[in-house]
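Participant:
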Amino acid sequence: MNNKQLVAIQAATYVKDGMLIGLGTGSTANYFIEELARRQRDDGLKVTTVASSTISANMAQSLHLPIVALEHISRIDLYVDGADEITPEMTLLKGRGSDLVKEKLLAKAATQFIVVADTSKLVSYIGQNFVIPIEVIPFAWQLTKKNLEDVGAEGDLRPNAAKDGLWISSHGSYVLDMKFDKSIDAKTLNDLINNTPGVVEHGIFYGLADTILIVENGIVTELRA
Ligand code: 5RP
Numbered sequence: 061m062n063n064k065q066l067v068a069i070q071a072a073t074y075v076k077d078g079m080l081i082g083l084g085t086g087s088t089a090n091y092f093i094e095e096l097a098r099r100q101r102d103d104g105l106k107v108t109t110v111a112s113s114t115i116s117a118n119m120a121q122s123l124h125l126p127i128v129a130l131e132h133i134s135r136i137d138l139y140v141d142g143a144d145e146i147t148p149e150m151t152l153l154k155g156r157g158s159d160l161v162k163e164k165l166l167a168k169a170a171t172q173f174i175v176v177a178d179t180s181k182l183v184s185y186i187g188q189n190f191v192i193p194i195e196v197i198p199f200a201w202q203l204t205k206k207n208l209e210d211v212g213a214e215g216d217l218r219p220n221a222a223k224d225g226l227w228i229s230s231h232g233s234y235v236l237d238m239k240f241d242k243s244i245d246a247k248t249l250n251d252l253i254n255n256t257p258g259v260v261e262h263g264i265f266y267g268l269a270d271t272i273l274i275v276e277n278g279i280v281t282e283l284r285a
């Protein structure tokens, strides 16, 4: 069993019968989805799921997990997802993919949000290893970029995989991948991007994680907010 699988299985021990579970997106979240399906099949676990992305929804469906649409829920019991960066204060950077809007909605709607990751995701500050993905309304991208540059950010629109066009998120937004001065603390950065017109959502998950399960060499450590 690899580290990602181990930490995902540990997260699944929080799941109880009757829960509405949010499914994250990414390789670690995939192991969690597989474990839910295994417990449903082997132990008769009864849960309903809601997915943060089409890819996770497809996986859940193919594994016969009951799934409801995001527009039909107002709260969930538990959300389990990975992260790209995790600071000592439990601020996260997420959204390497195209689904950070749904991911943040589920993180906020959850009674408990558990993050599953290995130690490679631990950083001292947000933006240490990755640029910050900022989804923008397409017609606003230039004005939004200028507003962010005015506070010292650098970056540009994310190109598509073939580099012959622009990356479009699942919700039809463009993505600005921006780097900020590392001296700006996570709360200030979160507020600053939240208050920038044209921004749909961004990858900083501030004050949302309740529990972080970190795995290294087969040992899972639990951090709590
Ligand atoms: C997707 C995410 C993922 O959870 C994050 O990229 C971690 O992925 P992985 O578990 O594959 O390392 O935020 O938007």
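The numbering of the sequence shown is my numbering, which starts it at 61 and goes up by one. Cβ coordinates follow ideal geometry from the N, Cα and C atoms, glycine included. What you are looking at is a predicted structure, and each value in this text was computed from that prediction instead of being measured.
1) Quick test of your reading: histidine 262 and isoleucine 253, contact by CB under 8 Å. State the CB separation rounded to the nearest angstrom.
2) Sort Asn277, Val196 and Pro219 by Cα distance to proline 257 and report the nearest one.
3) Could you please go through the chain and list the residues whose beta-carbon is closer than 6 Å to any non-hydrogen atom of the ligand 5RP?
4) According to the neighbour-count rule (16 or more other Cβ atoms, all chains shown, within 10 Å of its Cβ), is threonine 88 buried or exposed?
5) Going by beta-carbon coordinates alone, are alanine 143 and isoleucine 186 separated by less than 7 Å?
6) Give the DSSP-derived three-state secondary structure of proline 148 in the structure shown.
7) Between the Cα of glutamine 188 and those of Leu138, Ser116, Met61 and Leu152, spot the shortest distance and give me the residue it belongs to.
8) Our contact map puts valine 201 next to leucine 182 with C-beta atoms below 8 Å; I'd like the distance itself, whole angstroms only.
9) Relative to the C-alpha of isoleucine 192, which candidate in Ser180, Asp241 and Leu166 has its C-alpha closest?
10) Use the C-beta contact count for glutamate 209: other C-beta atoms within 10 angstroms, 16 or more gives buried, fewer gives exposed.
11) State the start and end residues of the unbroken beta strand (DSSP E) segment that holds tyrosine 234.
12) Taking the alpha carbon of glutamate 95 as the point to measure from, which residue in Ser112, Leu203, Ile115 and His124 has its own alpha carbon closest?
13) Report, in whole angstroms, the separation of the C-beta atoms of alanine 170 and isoleucine 136, which I expect to be a contact under 8 Å.
14) Valine 175 and isoleucine 272 - do their beta-carbons sit closer together than 7 Å?
15) I'd like to know whether the C-beta atoms of lysine 162 and serine 243 end up nearer to each other than 7 Å.
16) Is DSSP giving aspartate 178 helix, strand or coil here?
17) Per DSSP, what are the beta-bridge partners of histidine 262 in this structure?
18) Pull up the CB-CB distance for methionine 150 and alanine 269, whole angstroms please, since I reckon it's below 8 Å.
19) With distance defined between alpha-carbon atoms, name the residue in Gly86, Asp103, Val140 and Asp102 nearest to threonine 109.
20) Specify, as a first and last residue, the run of the alpha helix (DSSP H) that threonine 248 falls within.
21) Using a 10 Å radius around the Cβ and a threshold of 16 neighbouring Cβ atoms, would you call serine 229 buried or exposed?
22) Spell out whether any CB of chain C is found under 7 Å from the CB atom of leucine 268.
Facilitator: Reading it off the structure:
1) So it is a contact: roughly 5 Å between Cβ atoms.
2) Comparing alpha carbon positions, the residue from Asn277, Val196 and Pro219 closest to proline 257 is Val196.
3) Going along the chain, the residues that qualify are Gly84, Thr85, Gly86, Ser87, Thr88, Ala89, Asp141, Gly142, Ala143, Asp144, Lys154, Gly155, Arg156, Gly157, Asp159, Leu160 and Glu163.
4) Label assigned to threonine 88: buried.
5) When the beta-carbon positions are compared, alanine 143 and isoleucine 186 stay at least 7 Å from each other.
6) In the structure shown, proline 148 sits in coil (DSSP, three-state: anything other than H, G, I, E or B).
7) Measuring from the Cα of glutamine 188, the nearest candidate turns out to be Leu152.
8) It should be noted that the sequence gives tryptophan, not valine, for residue 201. Not a contact, Cβ separation roughly 32 Å.
9) Checked all of Ser180, Asp241 and Leu166; the closest Cα to isoleucine 192 is Asp241.
10) In this structure glutamate 209 is exposed. Its beta-carbon is surrounded by fewer than 16 other beta-carbon atoms within 10 angstroms.
11) Residues 234 to 239.
12) Per the Cα distances, His124.
13) About 5 Å separates the beta carbons of alanine 170 and isoleucine 136, which is inside the 8 Å limit, making them a contact pair.
14) Cβ atoms of isoleucine 272 and valine 175: closer than 7 Å.
15) At the C-beta level, lysine 162 and serine 243 stay beyond 7 Å of one another.
16) When secondary structure is reduced to three states using DSSP, aspartate 178 falls in the strand class.
17) Looking at the DSSP output, histidine 262 shares a beta bridge with Ile194.
18) Confirmed, Cβ separation roughly 5 Å.
19) Of the residues Gly86, Asp103, Val140 and Asp102, the one whose Cα lies closest to the Cα of threonine 109 is Val140.
20) Note, threonine 248: alpha helix (DSSP H), 246 to 254.
21) Its Cβ being crowded by 16 or more others within 10 Å, serine 229 is buried.
22) The question asks about chain C, but that chain is absent: this structure has only one protein chain.
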